[in-house]
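Since the structure comes first, as structure tokens, the remarks are kept for the end.
There are 2 protein chains.
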Amino acid sequence: MTASGPATLDSVAAHAGVSRQTVSNVLRHPDRVAAPTRERVLAAIAETGYRPSLPARQLATRRAHAIAVRAERQQDGISGLVLDAFYHGLAEAGQDNGLRVLLYAQPEDEAAEIATIDELVHTGAADAVVLTATSADDERPAHLRERGTTFCAFGRPWGHDEPHDWVDVDGAIGTGLAVSHLLDLGRRRIAYLGWPDDGEQPSTGTERRRGWREALASAGLGGAPVEVRSTNDAAAAESAVARLLAGRDAPDSIVCASDTLALGAHRAAVASSGDQVTVVGFDATPVAAALGLASVAQPIDQVAHLCIDLLTRRFEKPLRPAQGLLVPPVLHVPR
Amino acid sequence: MTASGPATLDSVAAHAGVSRQTVSNVLRHPDRVAAPTRERVLAAIAETGYRPSLPARQLATRRAHAIAVRAERQQDGISGLVLDAFYHGLAEAGQDNGLRVLLYAQPEDEAAEIATIDELVHTGAADAVVLTATSADDERPAHLRERGTTFCAFGRPWGHDEPHDWVDVDGAIGTGLAVSHLLDLGRRRIAYLGWPDDGEQPSTGTERRRGWREALASAGLGGAPVEVRSTNDAAAAESAVARLLAGRDAPDSIVCASDTLALGAHRAAVASSGDQVTVVGFDATPVAAALGLASVAQPIDQVAHLCIDLLTRRFEKPLRPAQGLLVPPVLHVPR
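Line by line, the protein sequences are chains C and Y. The first sequence: position 131 = 126 (this note's numbering), numbered continuously. The second sequence: position 238 = 233 (this note's numbering), numbered continuously.
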């Protein structure tokens, strides 16, 4: 920066004793400039503190150098921190790769979200989007592919035919770890508390349920596993588990598809039998920690970095085959 | 959009039968164009579906039409959802005002953060920044003012001389509501669990503590209020409150400066006396809800909208006097 304000292309050119066009060439087509001139211009850039304008670079490169991600409306809140960590990871990995991270407020529905993404990409505000909360009846991936919009999903393409870049956490491994932990504690009647649709179609819930079933079967306990379903609401989960614990099939432990469900299960367990029923949650939120429950932790920071990684490679090679990456979670056990 | 791709300035001009410069004038200096021509161009814009490129608009207006906000590193996590709601509110209010919201990953320290903000503003990626987590020894506001960077803080200018735009939540009202609630429950020995520095200098903690003291005094209970301090860590808070409850001054209730402290206080209360000691938290996080604790809720969505409001007015009138807005919280009481 000079006394008269930020350095410009012109002041760099004057400093280096070359034309404005030469400075521009050094920045955009360095191969077109002879090495000694290039050196002189780069030195002038360093000495003047010149930084190219982002909008100018965007126009020149026809790229926004930015990706967009949805800021969620508050829902149950308990698992919201997963996204908080995701935002930080995207911003951090984005900075390392010259990509800004733009937030867009969660629109009313999928159609409105697709329109929002179109607008961001069409106006040059973003080059790509990171989709969150994907599901089997998700219309966003197909629409984005049709429009040729670059994207990476946090979540598998659950049953969709056309492949795209995605990163996901292997939920089945997570509930498998939960079962192993309960077996280590001497539990044998290990129930599952899942969501209403788990098992109906490929989904996050289906995978988490599968991990529980397979781990029970591996332990020779796959005979007549007990399970109960609830919407992702602590009060509903509490009622469902209270009925289960009052019945003949009462389990000695419960693996849950979320910490919200685990909160309800924990309340029902405390009400029915003190702490005789062990509850394991999913997402390792502060709520699980506060209740002293073990819970499956998703490596969110890793997921965010991998999403940026896939997008960066996609920008470099738009036609490379779609890639999916599944990362394993770990189990957080309270001390 | 036409069959041959997105509409451009040229295709709009051809459609309207005017020059490219005329279309540009309609967009940037509508007063320079005769009304009938303006109408014709606007109709052509609507018919072709033309949307001006954001980078071009940024260059033309010398504005990024974007603001930056920090994505926090994960800390204790319990109160993180406050920021999650803040991001959504900023994105929503920003969209309503033609402002994008950019995230930057929390840098190592304040100096690095100032450099990051400089870079964002200097390169034209953002016009302004929303500062979070302000404190009395915060160097960011003075540096940003020196550089002429537009900003609005979520948090008061705690003891800083030079004024700037800010929005904050009145924590003293919050702890006052907590005391009223406890008085309604018949509690009389109402202690305070705060942070180590509360009361030393103007800060969030000082204000929360003041609200508790003043409410006790108003109720004629200001004689020898009992208080205890702890770093914002549940285990440390549990130890501090356990000592307090074992002593002669044992309170019948505790107002806490955060839900993290409230978690520790709750654990100590349960261990010492069942549920005889009532604990009230601050931030109304899912942890407080899960434990069945009342907690003070900050109107985060409102704060985000007001920050955008102040920034929008600042862009319009750069020289208007700095403005501070203090909004009241409410108390969330579990059903």
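Every residue gets a Cβ at the ideal spot worked out from N, C-alpha and C, and that includes glycine.
Evaluate the contact criterion for the region 256 to 269 of chain C versus the region 281 to 301 of chain C: three or more CB pairs, one atom per stretch, below 8 Å. By the Cβ criterion, the region 256 to 269 of chain C is in contact with the region 281 to 301 of chain C, since at least three pairs of Cβ atoms, one from each stretch, lie closer than 8 Å.
What is the C-beta distance between S267 (chain C) and L240 (chain C), in whole angstroms, given that I count them as a contact (C-beta under 8 Å)? One-based indexing of the first sequence puts residue 267 (chain C) at position 272. One-based indexing of the first sequence puts residue 240 (chain C) at position 245. The Cβ separation is near 4 Å, so the contact holds.
Give the secondary structure of G319 (chain Y) by DSSP, where H, G and I count as helix, E and B as strand, and everything else as coil. Here residue 319 (chain Y) refers to the residue found at position 324 when the second sequence is read from its first residue. Three-state result, G319 (chain Y): strand.
Can you list, in chain order, the residues of its chain whose CB lies under 7 Å from that of V4 (chain C), leaving out five sequence neighbours each side? Locating residue 4 (chain C) in the first sequence gives position 9, where the first residue counts as 1. According to the sequence displayed, residue 4 (chain C) carries Leu and not Val. The beta carbon of L4 (chain C) is closer than 7 Å to those of R15, V18 and S19 in its chain, skipping five residues each way along the sequence.
I'd like to know if the region 111 to 125 of chain C and the region 137 to 145 of chain C are in contact, where contact means that at least 3 CB-CB pairs between them fall below 8 Å. Counting Cβ pairs under 8 Å, three or more are found: they touch.
Please confirm if S48 (chain C) has its CB atom under 7 Å from at least one CB of chain Y. What you label residue 48 (chain C) is simply residue 53 of the first sequence in a count that begins at 1. Judged by the 7 Å Cβ criterion, S48 (chain C) is in contact with chain Y.
R224 (chain C) - containing beta strand (DSSP E), residue span: As a position in the first sequence, residue 224 (chain C) is number 229, starting the count at 1. Here the beta strand (DSSP E) through R224 (chain C) covers E222 to R224.
Any residues in the region 76 to 87 of chain Y with a beta carbon nearer than 9 Å to a beta carbon of chain C? Which ones, in chain order? When C-beta distances to chain C are compared with 9 Å, the residues of the region 76 to 87 of chain Y below that value are L76, L78, D79, A80, Y82, H83, G84, L85, A86 and E87, in chain order.
For chain Y, check one thing: does any of its Cβ atoms lie closer than 7 Å to the Cβ of A279 (chain C)? Along the first sequence, one-based indexing puts residue 279 (chain C) at 284. No, A279 (chain C) does not count as interfacial toward chain Y.
Using the Cα positions of R68 (chain Y) and Q293 (chain Y), report the straight-line distance between them to the nearest angstrom. Along the second sequence, read from residue 1 onward, the residue named residue 68 (chain Y) stands at position 73. Along the second sequence, read from residue 1 onward, the residue named residue 293 (chain Y) stands at position 298. A straight-line Cα-Cα distance of about 21 Å links R68 (chain Y) and Q293 (chain Y).
Tell me whether A279 (chain C) sits in a helix, a strand or coil according to DSSP, three-state version. The count along the first sequence starts at 1 and reaches residue 279 (chain C) at position 284. When DSSP states are grouped into helix, strand and coil, A279 (chain C) belongs to the coil group.
In angstroms with no decimal places, state the Cα-to-Cα distance between A186 (chain Y) and T170 (chain Y). The residue you call residue 186 (chain Y) lines up with position 191 of the second sequence. The residue you call residue 170 (chain Y) lines up with position 175 of the second sequence. Those two C-alpha atoms are separated by around 11 Å.
Nearest neighbour of T43 (chain C), chosen from C:L49, C:P50 and C:R35 [CA to CA]: In the first sequence, counting from the first residue as 1, residue 43 (chain C) sits at position 48. Of the listed residues, the one whose Cα sits closest to T43 (chain C) is C:R35.
C-beta contact flag for D163 (chain Y) and G150 (chain Y) at 7 Å: Working through the second sequence from its first residue, we reach residue 163 (chain Y) at position 168. Working through the second sequence from its first residue, we reach residue 150 (chain Y) at position 155. Cβ atoms of D163 (chain Y) and G150 (chain Y): closer than 7 Å.
Give me the Cα-Cα distance between T280 (chain C) and D247 (chain C), rounded to the nearest whole angstrom. Reading the first sequence from its first residue, position 285 is the one you call residue 280 (chain C). Reading the first sequence from its first residue, position 252 is the one you call residue 247 (chain C). In a straight line, the C-alpha of T280 (chain C) is about 23 Å away from that of D247 (chain C).
For A232 (chain Y), count neighbouring C-beta atoms within 10 Å of its own C-beta (all shown protein chains included) and say buried if the count is 16 or more, exposed if not. Walking along the second sequence from the start, residue 232 (chain Y) turns up at place 237. With 16 or more other Cβ atoms within 10 Å, it is buried.
Mind checking whether A337 (chain C) and A299 (chain C) have CB atoms under 7 Å apart? This structure cannot settle anything about residue 337 (chain C), because the visible part of chain C is limited to -4 through 330.
In DSSP terms, what C147 (chain Y) is bridged to: As a first step, residue 147 (chain Y) is located in the second sequence; it is residue number 152 there, counting from the start. Note: C147 (chain Y) sits in a beta bridge opposite Y:V125 and Y:D160.
Once you ignore the five residues that flank P352 (chain C) on each side, which residues in its own chain have a CB closer than 8 Å to its CB? Lying outside -4 to 330, the shown extent of chain C, residue 352 (chain C) is not represented and no answer is given.
Return no unless some Cβ of chain Y is closer than 7 Å to the Cβ of R151 (chain C). The sequence position of residue 151 (chain C) within the first sequence is 156, counting from 1. Interface with chain Y (7 Å Cβ-Cβ cutoff): R151 (chain C) is excluded.
Identify the contact partners of Q69 (chain C) in chain Y, using a Cβ-Cβ distance below 8 Å as the criterion. The residue you call residue 69 (chain C) lines up with position 74 of the first sequence. Simply L76, D79, A80 and H83.
Report the neighbours of G171 (chain Y) on chain C: residues whose CB is nearer than 8 Å to its CB, in chain order. Position 176 of the second sequence, counted from the start, is the residue given in the question as residue 171 (chain Y). In chain C, no part has a C-beta under 8 Å from the C-beta of G171 (chain Y); the shortest such distance is about 25 Å.
Per-residue burial, P324 (chain Y) [other beta carbons within 10 Å of its own, 16 or more giving buried]: For this step, residue 324 (chain Y) is matched to residue 329 along the second sequence. The C-beta of P324 (chain Y) has 16 or more other C-beta atoms within 10 Å across all chains shown, which makes the residue buried.
Sort C:S290, C:V250, C:A30 and C:V282 by Cα distance to V272 (chain C) and report the nearest one. Here residue 272 (chain C) refers to the residue found at position 277 when the first sequence is read from its first residue. Per the Cα distances, C:V250.
Which residues DSSP lists as bridging L97 (chain Y), in chain order: The residue given as residue 97 (chain Y) occupies position 102 in the second sequence. Looking at the DSSP assignment, L97 (chain Y) forms a beta bridge with C:L97 and Y:A63.
The beta strand (DSSP E) with G189 (chain C) in it runs from where to where? Mapped onto the first sequence, residue 189 (chain C) falls at position 194. Start and end: I185 to G189.
Of the residues C:R183, C:V265, C:A11 and C:Q53, which one's Cα is nearest the Cα of R95 (chain C)? Counted from its first residue, the first sequence places residue 95 (chain C) at position 100. Nearest C-alpha to R95 (chain C): C:Q53.
According to DSSP, is S253 (chain C) helix, strand or coil? Stepping through the first sequence from its first residue, residue 253 (chain C) is reached at position 258. Collapsing the DSSP output to three states places S253 (chain C) in coil.
If the criterion is Cβ atoms closer than 7 Å, does the pair E105 (chain C) and R135 (chain C) meet it? Residue mapping note: residue 105 (chain C) aligns to position 110 of the first sequence, counting from 1. Residue mapping note: residue 135 (chain C) aligns to position 140 of the first sequence, counting from 1. Remark: C-beta atoms of E105 (chain C) and R135 (chain C) approach each other more closely than 7 Å.
Quick check on DSSP: helix, strand or coil for A(-2) (chain C)? Locating residue -2 (chain C) in the first sequence gives position 3, where the first residue counts as 1. In this predicted model, A(-2) (chain C) has a pLDDT of only 46, less than 50, meaning its place in the structure is not dependable; the value taken from the coordinates is given anyway. Residue state, collapsed to three classes: coil.
Using a Cβ cut-off of 9 Å, pull out every chain Y residue sitting near A66 (chain C), in sequence order please. The count along the first sequence starts at 1 and reaches residue 66 (chain C) at position 71. Ordered by position in chain Y, the residues that pass the 9 Å Cβ test against A66 (chain C) are D79, Y82, H83, G84, L85, A86, E87 and V96.
Tell me which residue opens and which closes the beta strand (DSSP E) that L326 (chain Y) is part of. Counting from 1 along the second sequence, the entry for residue 326 (chain Y) is found at position 331. Segment V325 to H327, the beta strand (DSSP E) holding L326 (chain Y).
Let me see if you follow: with CB-CB separation under 7 Å, is L258 (chain Y) close to chain C or not? Here residue 258 (chain Y) refers to the residue found at position 263 when the second sequence is read from its first residue. Chain C contact via Cβ: present.
Of all Cβ atoms in chain Y, is any one closer than 7 Å to the Cβ of Y187 (chain C)? What you label residue 187 (chain C) is simply residue 192 of the first sequence in a count that begins at 1. Among the CB atoms of chain Y, none fall inside 7 Å of the CB of Y187 (chain C).
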